[in-house]
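In what follows, a structure is listed as structure tokens, so that the remarks can point back to it.
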Amino acid sequence: MSKRWISFDLDGTLMQNPFGAWVFPEIARVISGQLGREHDIVSEMVAEHEQRMSQERYVEAYDWDDILGSRCDAWCIEKRIDIELLVRKHSVVPKVHLLEDGILQVLEEIKKRGFSLAVVTNGFYKFQAPVMEALGLLDYFDEIITPERTGTGKPDPAILQKLQGKVIAHVGDRLDHDIQLANRSHVTSILIERNLPEDLLKLQPRMRANVHGMRLFCLEKWRRECKNPLLSELPELFMPRIVISSMGEFLSVLAKPGVG
11 MSKRWISFDL DGTLMQNPFG AWVFPEIARV ISGQLGREHD IVSEMVAEHE
61 QRMSQERYVE AYDWDDILGS RCDAWCIEKR IDIELLVRKH SVVPKVHLLE
111 DGILQVLEEI KKRGFSLAVV TNGFYKFQAP VMEALGLLDY FDEIITPERT
161 GTGKPDPAIL QKLQGKVIAH VGDRLDHDIQ LANRSHVTSI LIERNLPEDL
211 LKLQPRMRAN VHGMRLFCLE KWRRECKNPL LSELPELFMP RIVISSMGEF
261 LSVLAKPGVG
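Under the working numbering, residues 11 to 270 are what the sequence shown spells out, in order.
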């Protein structure tokens with residue numbers, strides 16, 4: 011029997027990684043120490059990341075060791091930091107955490123219903139696995155799809171090609187990465203958004219995407235993701251089919267026709 015896959019993003023969807031609060035600040039401290047003055051190396055790294063993404067160099071865009079090395083070369087200093095080791099150092103609770111209670115139970119229930127689970131993330135495996143292990147996520151997934159393993163990243167549909175069988179749905183928190191990927195791949199796109207306004211929250215998940223307020227909400231979200239407040243219209247490619255406010259709501263969606 012052919013496998014039926016449900017794929018999930020990680021960061022912002024299931025878990026909080028240690029990069030923003032712990033890894034990047036430590037990198038900044040070390041580099042500032044080497045230079046002998048305060049220096050915002052992290053902003054330079056993020057700018058390089060964004061440039062690579064804009065050029066669709068998806069694998070290179072998430073190679074943080076290479077990005078840091080290129081900035082160290084530019085400043086003529088030695089790269090003394092192993093980012094994987096920093097991630098492992100900081101992959102402890104509460105520095106990392108699941109984004110809501112009950113996530114592991116939801117994943118277990120999905121598997122009981124006969125689905126195979128995959129992670130589809132733009133983070134390299136060496137940066138994601140330590141966090142997943144610390145949070146108990148690692149054993150729930152049959153596949154972990156990452157850019158350096160596939161040669162591409164989200165939103166390129168080719169990243170899903172390793173999943174043999176039928177991908178039923180992809181769940182994620184970003185329109186530009188996750189929803190675009192799902193729509194381009196012709197699978198059900200599910201946006202998880204934990205900060206929905208009350209008028210949208212009271213609607214059923216399948217109804218939310220059909221109302222004008224949701225389109226306006228997504229347009230504002232897309233503007234933030236693109237860092238362009240002047241965008242005036244949301245392309246259909248970035249509009250989710252289903253919007254959930256929690257992983258708990260996902261089970262109610264899964265029980266209805268259209269997913270599965």
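Built from N, CA and C at the ideal position, the CB exists for glycine as well.
The C-beta distance from leucine 114 to glycine 146 rounds to 6 Å, short enough to fall under 8 Å. The residue from Ala192, Lys231, Gly163 with its alpha-carbon nearest to that of lysine 176 is Ala192.
Counting along the chain, phenylalanine 227 sits inside the alpha helix (DSSP H) bounded by residues 222-236. Note on histidine 196: under 16 other CB atoms within 10 angstroms of its CB, so exposed under the neighbour-count rule. Judged by DSSP in its simplified three-state form, serine 53 adopts helix. Under DSSP, serine 126 forms a beta bridge with Trp15. Counted as a single uninterrupted DSSP element, the beta strand (DSSP E) harbouring lysine 176 occupies residues 176-182. Considering only Gly46, Gln44, Cys82, the residue with the shortest C-alpha distance to glutamate 58 is Cys82. Between leucine 127 and the set Leu148, Phe137, Tyr135, Met249, the nearest pair of CA atoms involves Leu148. Pairing glutamine 171 with glutamate 48, the inter-Cα distance amounts to about 44 Å.
By the neighbour-count criterion, in which 16 or more other beta carbons inside 10 Å mark a residue as buried, lysine 164 falls on the buried side. According to DSSP, residue pairing for histidine 107 in a beta bridge involves Gln26. Counting other Cβ atoms within 10 Å of its Cβ, cysteine 236 stays below 16 and is therefore classed as exposed. A residue is called buried when at least 16 other Cβ atoms come within 10 angstroms of its Cβ; proline 245 does not meet this threshold and is exposed. The distance from the Cβ of valine 106 to that of methionine 257 is about 17 Å, inconsistent with a contact at the 8 Å cut-off. Cβ neighbours of arginine 233 within its own chain (closer than 7 Å, five residues either side excluded): Pro239, Leu241. Note that the C-beta distance between threonine 156 and phenylalanine 134 is below 8 Å.
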